[in-house]
Structures are given as structure tokens and as C-alpha cells.
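For the sequence shown, our numbering assigns the number 911 to the initial residue and increments by one for each residue that follows.
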Amino acid sequence: MFNYKVIGNILGILLLINGGFMLLCLPVSLYFWETEWLSIAISSGITVSVGFLLRFLTRNNKNKDLKKKDGYLIVTAGWIFMSFFGALPYLISGAIPSFTNAFFETVSGYTTTGASILTDIEAVSKGILFWRSLTQWIGGMGIIVLALAILPFLGIGGMQLFVAEAPGITPDKLQPRIQETAKRLWFIYFGLTVTEAILLYFAGMTPYDAMNHSLTTMATGGFSTMNASLAGQSPAIQYIVIVFMFLAGTSFTLTYFALKRNFTKVIRNEEFVVYTLFTLVITLIVTITLLVVTESSFEASFRDALFQVVSIITTTGFVSADYTSWAPFLSVLFFILLFVGGSAGSTAGGVKVIRHVVLFKNSFLELKRQLHPSAVIPVRISGKAMEQNIVYNVLAFIMIYILVFLVGVTLLSSMNVDFDTAFGAVATSLGNVGPGIGDVGPVDNFSAMPMGGKWLLGFLMLLGRLELFTVLMLLSPYFWKKR
């Protein structure tokens, strides 16, 4: 039923890639004369060894056919494998001695959630913090998409993996071959990361902090090397981060077209227009409210509003101020923003703007269909009629999203977590945002969460990162039937 040799082979490749990325942290640790370099080297050695073992055990496989079911299994198993082995640097170095906490931090990294259990980030060694940032950068575009760029060398087709990695509404392929698409996406991703790091350095950040924050900005992850995140940083630094958070929350397909100077594709993209206008309108509302309830200047109010709105909508989760202390109205507003998400085809999590657009358009058109029951009235996005099966997919996704949220809140509340915190923790984990409300707000973390709660939230992070269907499909009995 499943091609287990191909599955094992690809999982081995993912672990080899993971172990290779760990080695990038060695120069950082050695440069700062940290003893943790040995822990990083051991972690990399273990990860690479298991990767080679899986490759060795699955060698000489003549059947390299990869079916859709295999793709879904590889994606989910790949993220779980990566998270288990990605926790090794924390455990071996002693930075996070608890396996539950280390796994939580790692899942939060790979899923680009940004929820942390670290109470004193600045006390952790720089090599380990660089690995922490790197997990988000790897997870941002998806380790599976990275692997697609090398699958041609193995003679294995990768379309099934790409579909499983980004189910539902997906961006148009940039090139006819999926491997070429993956390469171009990673080239744009890498280029924007380097560009932001250079700008942050010239704006006043140290090279180390600039690189870490650029890694986690482009991944819309939000891990910072500072306890206060980006609060207190210069306006120049905050504006640079705002711009790149917005770009990271934009479809990388549109970024590609913009770089090719095909601006017509960008301005005619309905999702991008709604994403931009919605961000501006909410920023204006928050700015006006801040001018009324605080004594800040217009520039400071606008910057704080824009930073936090973009950070939450794009699910980056950086913090420049405690939005829960501004006004009760704004706390409710930012809680609602946890369910928005960025654009499809971006590194952002959440429901995604395009799904909201389809939901609202279909809801209003349903009123028209009641008056004209015989008429065929399709949902149109960017002037094109959308297939009905995609509309059904969107409606099903949102319904399941709400159901999972409610079940998650119920389960977390049963672990003696208060109402506000349960709502905030589940919403921010499922949406891969980071900060929430209650005891997991922008100036708090998840260290006090019960052990069972951390495993539950870790599962929700994975569920949200893979957009529900990929993981839930494996829990369905239909998936395992031999047909």
C-alpha cells in the first residue's frame, strides 16, 4: 500500500539536511568561544548518522513511484522527525534539559509559531540561539520544498510532496517543473533574508542579531535573541522589520513577478489588494485608539500600531509593545487578528486572507442565489471564476479550523488553564502566531503551561503549519485502507 523504502529514503535525506544545517551553528559557537560547540557537533553527528542509516537501509529500491498517500505520510512524518532530532542541541547542551520543553521549542521553531518556554533568552548561548532561529528559517519555506530541489538527482518525482506541503488553495507554479519552482522560491527567500540582515546591520544591530532577526522575520517566526523582542529598538530597525514582515506575508509568487517587473500581476491580485487594504485600515483604527488612550506622539502611535498589526496578521509574532495593555477594545481586536493569517504561498500561517475572501464572497452570493435559484453564480477571484470544489474546500477548512479551535480550548481548559489563556494559547498555536492573550500575551511565554498542555499545543502548531488536512488525513481510517 505504501512505498516504505521511498518514504524512509526521503526521511533520511531530510535528516541529512537537518544535520547539515546544525553544522552552520558551529562557527557561531566557536567564534564566541562557547563550550556548546561540542553539543552542536554531537547533535549534528547523531542526526546525520540516522539519516545515513535510513538511506542505507532503503537503498537498491527499484520502485521509486511516489503516490499521493506517500506524500502526505512523508510530510507529516518528516516534520515530526525533524522536530525530535532538532531538539537534540537543546537537550545535549542543557539549555533546555526537559524533553517536553525542548520538543515544544523545536516544534514552535519549525512551524514558525514563535511560542517559547525560555524565560531568559539572553542567558542561552549564541550558538544554540542561532540554531533556534535557523529552525524557523528552515520551516519557513518548508524543509519539504527544499528537498524538492534535490529530488531530481534521485529520480523521484516531487509533485506529491509539494501538494501535501501546501494543500488547499496554492499559488500558481512559477515554472512547469516543480523542482525549478522550489529552487526559485528558495532563491527569493535567501535573497530577501540576506538583504534584511544587511539593512538591520546598517541600522544599528550587531551582525549576529541582524542575521538572527532576518532569519526569523522572513520565516514569519518571531524568535528573537532579546528578552524584550524588538521593543525599545530604534524606529529605523522597527520599520525595516515591518517591511520584511509584510513581504514575508505576501505570496512569494507575487514577489517573483514583482522582481520580474510584472507589476500588473501584483496589483490585479485580489488577495494582495485585500491583504494590503485590511492591514492599513486596522493600523489606522489602532493608531487613532492609541492617540486617544495614550500620550504618545503620532509617529510613535503609528509605528507601534503598524508593527503589531503586521506582526500578528503575518503570524510573525515579534513584539514592539504590549498590545494587551493598550485598551480592552484593542485586546479583542488583536485576538480576532490571530485568525486572519497572511497570503497563500507565503511563509505566514493562519487561515490565510484568500480563504476569508472566498468565504465572504460566497456568503454574500448565497443571498443572491436564494433569489435566483436556477442561476449559476460562481465566486470570482481576481476576475476569474473559482471552481466549486475549491469553494467547498475553503468552507470545510474554516469549519474544521473552528472545530479544532473549540476542541483545543476545551482540552486545555480541562488542564486547569484559565479561560483567557486557553483561548489565547490555542488560537496562537493553531495560527502559528506566537503571542496571544492571557498568560501567554506579548510579554509572557509558555513556560508555565502544564506538560500535557505543551504537547497539545505542539500538536496544534503542527496541525496549523500543515493546514489541517495533511495531518488529519492520517488520522482518518480511509487513509489506511488498501485501495
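For each residue, glycine too, the CB sits at the ideal point set by N, CA and C.
If you're wondering where the values come from, they're calculated on a predicted model, not measured in any experiment.
Quick check: residue i and residue j, are their CB atoms within less than 8 angstroms of each other?
i	j	result
residue 1132	residue 1227	yes
residue 1050	residue 1130	yes
residue 934	residue 1044	yes
residue 1041	residue 950	yes
residue 1291	residue 1205	no
residue 1239	residue 1199	yes
residue 1286	residue 1268	no
residue 1344	residue 1012	no
residue 993	residue 1017	yes
residue 1161	residue 1253	yes
residue 1211	residue 1234	no
residue 1140	residue 1151	yes
residue 1327	residue 1370	no
residue 986	residue 1313	no
residue 1256	residue 1148	no
residue 1378	residue 1307	yes
residue 971	residue 916	yes
residue 1353	residue 1332	no
By how many angstroms is the C-alpha of residue j removed from the C-alpha of residue i?
i	j	result
residue 1347	residue 1251	17 angstroms
residue 1391	residue 1217	48 angstroms
residue 1064	residue 1334	At residue 1064 the pLDDT is 48, less than 50, meaning the model places this residue with poor confidence; the figure from the coordinates comes in the next sentence. Straight-line Cα distance between these residues: approximately 44 angstroms.
residue 1366	residue 1323	12 angstroms
residue 1145	residue 1114	11 angstroms
residue 1020	residue 1126	11 angstroms
residue 1032	residue 1297	50 angstroms
residue 1022	residue 1375	8 angstroms
residue 1184	residue 1159	13 angstroms
residue 1284	residue 1265	26 angstroms
residue 1105	residue 1095	15 angstroms
residue 1116	residue 1142	15 angstroms
residue 1214	residue 911	54 angstroms
residue 946	residue 995	17 angstroms
residue 1006	residue 1111	29 angstroms
residue 936	residue 1097	24 angstroms
residue 1236	residue 989	37 angstroms
Give the secondary structure of residue i by DSSP, where H, G and I count as helix, E and B as strand, and everything else as coil.
i	result
residue 1262	coil
residue 1312	helix
residue 914	helix
residue 1290	strand
residue 1295	strand
residue 975	coil
residue 1063	Note on residue 1063: pLDDT 49, under 50, position unreliable in the model; the coordinate value appears next. Of the three classes helix, strand and coil, the one that applies to residue 1063 here is helix, per DSSP.
residue 1047	helix
residue 1006	coil
residue 932	helix
residue 1132	coil
residue 1178	coil
residue 1189	helix
residue 992	helix
residue 1107	helix
residue 1321	helix
residue 942	coil
residue 1018	helix
residue 1117	helix
residue 1032	helix
residue 1307	helix
On a CA-only basis, which of the options is nearest residue i? Give me that one, please.
i	options	result
residue 965	980, 927 and 1171	927
residue 1223	1235, 1196 and 1260	1260
residue 1351	1264, 1245 and 1294	1245
residue 921	938, 911, 942 and 968	968
residue 944	1038, 1026, 1144 and 1339	1038
residue 1248	1109, 1195, 1236 and 1262	1262
residue 918	953, 983 and 952	983
residue 1166	1364, 1091 and 1274	1091
residue 1342	1046, 1030, 1154 and 1010	1046
residue 1225	940, 932 and 1189	1189
residue 1460	1028, 1201 and 970	Residue 1460 lies beyond the stretch modelled for the chain, which goes from 911 to 1393, so this question has no answer here.
residue 1030	1176, 1357 and 1276	1357
residue 942	1014, 1035 and 1009	1035
Buried or exposed for residue i, please, with buried defined as at least 16 other CB atoms from any protein chain shown within 10 angstroms of its CB.
i	result
residue 1164	buried
residue 1280	exposed
residue 977	exposed
residue 961	buried
residue 1373	buried
residue 999	buried
residue 1242	exposed
residue 1121	buried
residue 1282	exposed
Less than 7 angstroms between the CB of residue i and some heavy atom of the ligand ADP, yes or no?
i	result
residue 1129	Absence of the ligand ADP is noted for the structure shown, with no ligands found whatsoever.
Check whether the Cβ of residue i lies closer than 8 angstroms to any Cβ atom in chain C.
i	result
residue 912	Structure shown: chain C not included; a single protein chain is present.
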